[in-house]
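Student: Residue numbers (the working numbering): 936 to 1680. We put the CB at the ideal spot given by N, CA and C, even for glycine. The structure displayed is predicted, hence computed values, not measured ones.
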Amino acid sequence: MSSKGIEQIEAISQDDIIDLGQYLLVIKRYKWRILGLALTFTFLVALIVLSMTPIYRASSSLLIEAEEAKVLSIEEIYGIDSSGKEYFQTQYEIIKSRHIAEKVVDKLDLTNSPYFIPDEDEGGLKGFLKDTKALIKSLLSFLPQNERETLTQEEINWMKKQRVIDQFMESMGVAPVSNTQIVKISFESESPKLAAQIADTIAEVYIESYLEAKFNMTSKATTWLNDSLQGLRLKLEASERKLADFYEKEQLVDLDGVVGLASEELQGLSEQLLEAENRLKNSEIIYQQVQNYDGNIDEIAKLPEVLNHPSIQSVRESELKAQSKVSELSKVYGPKHQKMVSAVAELNSVQASMNRQVRALISGITSDYSQATSQVAGLRKAVAEAKAGYRKLTTLDSQRKILQREVNINQQLYNSFFTRLKETSEAGGFESANARILDRATTPIEPSEPKAKLIVLATLVISTLIGAGIAIFADMMNKGIRSVDDVERKLSQRMMGLIPWQPHKRKEDLPLREFFNPEHHTFSEAIRTLRTSVQLVDMETTKQVIMVTSSVPKEGKTTVSINLAFAMGQLGKTILVDTDMRRPSVAKRFEMPGFQPGLSNLLAGTHNFDDCLVNDAEAGIDIISAGSIPTNPQEMLASQKFKDLLNELKTNYDYIIIDTAPTQAVSDSIVVSKVCDVVLYVVRADNTNEQLINSGLRRFMSTGKRVDGIVLNQVDLKKSANTYAYTGYYDKYGYNSHYADGDKS
């Protein structure tokens, strides 16, 4: 960790750290008060608990079956899916329902039970409130009253029953056992026997209610099925009659076979028509070509369809041979040569045969075209007739299928309802519950409420914690100074002395000679410890002039001044000077007469030193009281005469104890501190606010004068002895509570 981080950690204020040890000290300091508060509350709660009527709780266990044994193959008429969590949650709510509660109330006649219907003359708070309400109503009878409808006895009984049911449901408990199908049914009552009886009865009524609901539902289902079956029978008979009438009207036997044959016939005719149309198309092409040449045999013979005909091809080959022969002979012989004449005659014969074949072919083409045309026309007519017949048959078949489908549906519904009716009728005589009682309730011996021991113990613990919390809160709110730690931490000062509180009468000062009282040695030792602390402050400087001040009046600064003077008087010649000329108290404490001159008279020059000096022979010290109250005390204390007086006193006395006015009231103490060697600041323990003290300390610091230490006054050692807040201070100087009265300085 870096040095910067360490410095930041060390810079955390001590006030920001929770001091658990300090809290424990606070608890120890107030332990008797905390214990008293806890015991008081515990005692009151114990009385209340003992006065309460004991309540007994009895529980029975119910096992809810996840699935019933199916006697029939069909599902339950009103069955719920028992495999889901919703099923069990539903059963829990049914058990807690008002319906079950009402059945139990009726079965056990709880409306007449003394544990549910209180006596008319009720006692306690309810009876008191009832009587008070009746009294107020009678006193206000003169006011207009709202007319109330008079209830009949039946209505009164009904309202009474509803109140009993409400009370019953408040006392009933249903708690499922985790990861099981078991549910605990509990009931609370003033009577242990009644609690056990009701817990068992709730389980029994739940099972009975389930069986009753099942039986009622089965009966309703049977009735409904019977009624529905009659209607379905009529529908089935009507649909069957419609189908029979249809067959009779259309004179049909097997419509499915007829439609099939018609379909096959139509398909065959369509195929024949397609082939005939293709032939007609081919014949028409050749026929049109022949017609275009208008009987020109030579041109027609050149047509591919004619030329490629087998009969034409053979004649064509003969013609080519004849032409070739004539051509060859013409090269050798003349036209009249016998061979030439014979060859030409052969050629002419072949050509004549060609013409005859072409004419015969033309005649065949014309004949084929006519036949193809006639065939196509006939097939088209046959196909049209077949289509019309097929359409009629399909229409009839559609009507027949509609009627047949209606018959089939009605038949299926009728059969289903008939089967369900038979099975429901058979199931009506078999009652299977969805739950069974696992453990019956036992009569409780010990009451479940109130849990006296637990309540009393909890009250003791809680009240103790509350008391401790109050003590800690009060301690946190207390801004006073109570320990050495507070002086060092809150005031940043050192502790010079700790003066214990001494018992004395209220509104009266501590007895003047308390320092010399052997019975109060703790007080005298505290003053001697203060004296020692003063002597140990800055050993190198003179500690002759010692000033005692405080923040506000009533902190005990005068008492500290007087007793410190007594202690110093045991070491040397000592004088006590009262510079509080506004509210002087030294003269009163020493019971000086009112006309006794003092410091103000001495500084004003109206009296000499001897007139103002008073000697206390018992304590062995001299005293100068404040004297007459002047109009300008601060100017007197700041005057040269006061300084000269102190210088003169220094030559005649070993110790000069100066009692000054509080710092918050006036600035007299600030003025006096400038001529003093030691400044003691008295703080009343657990009283003066730390902010007020710090304000006074800052006033000294602003003038350059440092307060030498704090004197913590009126410390209650009995209250604080166990906190070790002060014992360490005494141990530091080697004192204990059994010092002798001698001088321990």
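1) Output needed for Trp967: all residues of its chain with C-beta closer than 7 angstroms, excluding positions within five of it in sequence on either side, in chain order.
2) Quick check on DSSP: helix, strand or coil for Phe1051?
3) Could you give the C-beta distance for Arg1033 and Ile1100, rounded to a whole number, given that I count them as a contact under 8 angstroms?
4) Among Leu1499, Lys1184, Thr1067 and Ser1486, whose alpha-carbon lies nearest the alpha-carbon of Phe1450?
5) Rounded to the nearest angstrom, what separates Ile999 and Lys1155 at their Cα positions?
6) Cα-Cα, which of Ala1307, Tyr965, Pro1379 and Glu1089 is closest to Ala1131?
7) Answer with buried or exposed for Lys1216, where buried requires no fewer than 16 other C-beta atoms within 10 angstroms of its C-beta.
8) Is the separation between the beta-carbon of Asp1594 and that of Val1419 shorter than 8 angstroms?
9) Measuring CB to CB, does Asn1648 end up less than 8 angstroms from Val1617?
10) Apart from the five residues on each side of it in sequence, which residues of its chain come closer than 7 angstroms, Cβ to Cβ, to Thr1301?
11) Sort out for me which residues DSSP pairs Pro1519 with in a bridge.
12) Using the C-alpha atoms, what's the distance from Asn1213 back to Gly1313?
13) Give the single residue among Gln1165, Ser1144, Lys1031 and Leu1171 whose Cα lies nearest to the Cα of Glu1105.
14) Have a look at Leu1282 and Lys1266 and give me their C-alpha separation to the nearest angstrom.
15) Report the residue ranges of all alpha helix (DSSP H) runs contained in full by the segment 1418-1490; include only those spanning at least 4 residues, in chain order.
16) Since Asn1092 is in the beta strand (DSSP E), which residue starts that stretch and which ends it?
17) For the alpha helix (DSSP H) holding Tyr1590, just list the boundary residues, first then last.
18) Could you check if Asn1567 is buried or exposed, using at least 16 other CB atoms within 10 Å of its CB as the buried criterion?
19) What's the C-alpha gap between Lys1316 and Ser1305?
20) Among Val1422, Phe1408, Tyr1268 and Ser1459, which one has its Cα closest to the Cα of Gln1626?
21) Following the continuous alpha helix (DSSP H) through Glu1028, name the residue where it begins and the one where it ends.
22) Quick one: what does DSSP say Val1109 is sitting in, helix, strand or coil?
23) Leaving out the 5 sequence neighbours to the left and right, which residues in its chain are closer than 8 angstroms to Ile1605 when beta-carbon positions are compared?
24) Determine, using beta carbons only, whether Asp1579 and Lys1508 come nearer to each other than 8 angstroms.
25) Would you mind sorting Asp1054 into buried or exposed? The rule is 16 or more other CB atoms within 10 Å of its CB.
26) Using three-state DSSP, classify Leu1506 as helix, strand or coil.
27) Let me know the secondary structure DSSP gives Leu955 once reduced to three states.
28) Hey, quick one: how far does the beta strand (DSSP E) through Asn1567 stretch, first residue to last?
29) How should Gln1531 be labelled, buried or exposed, when 16 other C-beta atoms within 10 angstroms of its C-beta is the threshold for buried?
30) Please look up how many angstroms separate the CB atoms of Leu1538 and Ile1592, rounded, as I've assumed it's under 8 angstroms.
31) Terminal residues of the continuous beta strand (DSSP E) containing Asp907?
32) Buried or exposed: Tyr1572, going by 16 or more other Cβ atoms within 10 Å of its Cβ?
33) For Thr1377 and Leu1395, what's the separation of their Cα atoms in angstroms?
34) Could you say which of Ser1560, Ser1205 and Thr1541 lies nearest to Asn1550 if we only look at CA atoms?
35) What does the alpha-carbon distance come out to for the pair Ile1564 and Arg1517?
36) Start and end of the beta strand (DSSP E) containing Phe1122?
Tutor: By the coordinates alone:
1) none
2) coil
3) 6 angstroms
4) Leu1499
5) 25 angstroms
6) Pro1379
7) exposed
8) no
9) yes
10) Tyr1222
11) Pro1519 pairs with nothing; no bridge assigned.
12) 15 angstroms
13) Lys1031
14) 16 angstroms
15) 1419-1425 and 1456-1471
16) Segment Gln1088 to Ser1106 is the alpha helix (DSSP H) holding Asn1092; no beta strand (DSSP E) there.
17) Element bounds for Tyr1590: not the alpha helix (DSSP H) but the beta strand (DSSP E), Tyr1590 to Asp1594.
18) exposed
19) 17 angstroms
20) Val1422
21) Lys1020 to Ile1030
22) strand
23) Thr1598, Arg1634, Phe1635, Thr1638 and Lys1640
24) no
25) In this predicted model, Asp1054 has a pLDDT of only 47, less than 50, meaning its place in the structure is not dependable enough to derive any value.
26) coil
27) helix
28) Looking at the DSSP string, Asn1567 is not in any beta strand (DSSP E), and its letter there is neither H nor E.
29) buried
30) The pair is not a contact, with the Cβ atoms about 18 angstroms apart (cut-off 8 angstroms).
31) Residue 907 is absent from the model: the chain starts at 936 and stops at 1680.
32) One point to set straight first is that residue 1572 is Leu, not Tyr, in the sequence displayed. That one is buried.
33) 33 angstroms
34) Ser1560
35) 6 angstroms
36) Ile1117 to Ser1124
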